[in-house]
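Residue numbers (the numbering used here): 15 to 62.
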């Protein structure tokens, strides 16, 4: 549930500051290891 709040906040931040792309991932993660990005959810999203 908290990750959903972060996702909503990130979309608002993107809109307010005109970012083209964002990604939410842990430090030192591989390219495929992310929770969500501006295109949708990643493989770690459901593992929390």
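Note that the Cβ used here is the ideal one computed from N, Cα and C, for glycine as well.
Closest by CA to residue 18, which one among 42, 45, 33, 38?
As a first step, residue 18 must be located in the chain shown, where it is residue number 4. If we check each option's Cα against that of residue 18, 38 comes out closest.
Cβ of residue 51 within 8 Å of Cβ of residue 31?
Walking along the chain shown from the start, residue 51 turns up at place 37. Walking along the chain shown from the start, residue 31 turns up at place 17. Cβ atoms of residue 51 and residue 31: not closer than 8 Å.
Rounded to whole angstroms, what is the Cα-Cα separation between residue 33 and residue 44?
Here residue 33 refers to the residue found at position 19 of the chain shown. Here residue 44 refers to the residue found at position 30 of the chain shown. Residue 33 and residue 44: Cα-Cα distance of roughly 22 Å.
What is the residue span of the alpha helix (DSSP H) that residue 17 lies within?
As a position in the chain shown, residue 17 is number 3, starting the count at 1. 16–31 is the extent of the alpha helix (DSSP H) around residue 17.
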